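K.L.:
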Amino acid sequence: MKALLQDNYEHLFEKELLEEISKVGFIKDVIEGDVIINIGDSIRYMPLLLEGAIKVSRLDDDGDELLLYYLERGDVCAMTLTCCMGNSVSEIRAMAEMDTKIIMIPVQKMSDWLRDYHSWRTFVFESYNARFKEMLEAIDNLAFLNMHDRVLKYLKHKVIVTKDTMLSITHQTIAYDLHTSRVVISRILKSLEREGKVQLHRNKIEFLDF
Numbered sequence: 000m001k002a003l004l005q006d007n008y009e010h011l012f013e014k015e016l017l018e019e020i021s022k023v024g025f026i027k028d029v030i031e032g033d034v035i036i037n038i039g040d041s042i043r044y045m046p047l048l049l050e051g052a053i054k055v056s057r058l059d060d061d062g063d064e065l066l067l068y069y070l071e072r073g074d075v076c077a078m079t080l081t082c083c084m085g086n087s088v089s090e091i092r093a094m095a096e097m098d099t100k101i102i103m104i105p106v107q108k109m110s111d112w113l114r115d116y117h118s119w120r121t122f123v124f125e126s127y128n129a130r131f132k133e134m135l136e137a138i139d140n141l142a143f144l145n146m147h148d149r150v151l152k153y154l155k156h157k158v159i160v161t162k163d164t165m166l167s168i169t170h171q172t173i174a175y176d177l178h179t180s181r182v183v184i185s186r187i188l189k190s191l192e193r194e195g196k197v198q199l200h201r202n203k204i205e206f207l208d209f
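Heads up: the sequence shown begins at 0 in numbering that gives the first Met the number 0, then just goes up one per residue.
Structure below.
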């Protein structure tokens, strides 16, 4: 674990904090599609990302999903931090976007580290700021972009997160993430294919717009 921590977080955290994380945390491997934190869960551990990517989303009253943001290596979920600090249940769903490796840290350490380590305070506040900007962007997308542009932006972001232009994703999954219907997504993807921006395959979308 120490080697993984140094590879991912040595530039962010003091040596003493890295030592503490290695003592109290444990590594967890999750496969694509696994739910790491679900809505309503009591949060006992906070995930610190080492490899892979995590999709963070919320559900509305009808059970429909809305994508908030992705977490990548070196990221932490600000909304999970908020629940940890407030001893409240989770208001988000965190799901592995691909096979992912995380360190699970007991939430009891959050307050102690905020008090004891300047690097942890900086990390937490910068994480809040980054996630806040991403959520503002999600709101802007809903308010100002038409669905065609939202789908294109969604696919670009997914390519960046997965580091692969061949996306293993169904039309229904995109519809869930963007809070619309599969029929609408299928129509837009056909339009994007005609424009030469994507190539559609069975349960895969090849992104060409670079």
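For glycine and all other residues, C-beta sits at the position ideal for the given N, C-alpha and C. Computed from a predicted structure; not experimentally measured.
Inspect the beta-carbon positions of residue 71 and residue 160 and report whether they are closer than 8 Å.
P.N.:
Residue 71 sits at position 72 when you count from the first residue of the sequence shown. Residue 160 sits at position 161 when you count from the first residue of the sequence shown. Taking 8 Å as the Cβ cut-off, residue 71 and residue 160 qualify as a contacting pair.
K.L.:
Going by the CB atoms, is the gap between residue 35 and residue 58 shorter than 8 Å?
P.N.:
In the sequence shown, the residue the question calls residue 58 occupies position 59. In the sequence shown, the residue the question calls residue 35 occupies position 36. In this structure, residue 35 does not lie closer than 8 Å to residue 58 by Cβ.
K.L.:
What separation, rounded to the nearest whole angstrom, lies between the Cα atoms of residue 54 and residue 126?
P.N.:
For the purposes of this step, residue 54 is taken as residue 55 along the sequence shown, with counting starting at 1. For the purposes of this step, residue 126 is taken as residue 127 along the sequence shown, with counting starting at 1. So the two alpha carbons sit approximately 15 Å from each other.
K.L.:
Between residue 97 and residue 31, is the Cβ-Cβ spacing less than 8 Å?
P.N.:
Along the sequence shown, read from residue 1 onward, the residue named residue 97 stands at position 98. Along the sequence shown, read from residue 1 onward, the residue named residue 31 stands at position 32. Yes; because the gap between Cβ atoms is below 8 Å, this pair is in contact.
K.L.:
Using a Cβ-based criterion (distance less than 7 Å to any ligand heavy atom), does residue 144 qualify as near the ligand ATP?
P.N.:
Ligands are entirely absent from the displayed structure, and the ligand ATP is therefore not among its contents.
K.L.:
Residue 95 by DSSP, collapsed to three states: which one?
P.N.:
Numbered from 1 along the sequence shown, position 96 holds the residue referred to as residue 95. Strand.
K.L.:
Using C-beta distances below 6 Å, list every residue in its chain close to residue 173, excluding the 5 sequence neighbours before and after it, in chain order.
P.N.:
Numbered from 1 along the sequence shown, position 174 holds the residue referred to as residue 173. Same-chain partners within the cutoff: 184.
K.L.:
Please return the same chain residues whose Cβ sits closer than 8 Å to the Cβ of residue 134, not counting the five positions on each side in sequence.
P.N.:
Taking the first residue of the sequence shown as position 1, residue 134 is located at position 135. Only 67, 68 meet the Cβ criterion.
K.L.:
Residues in its own chain within less than 6 Å of residue 74 by CB, not counting five upstream and five downstream?
P.N.:
Within the sequence shown, residue 74 is the residue found at index 75, counting from 1. The answer, listed in chain order, is 48.
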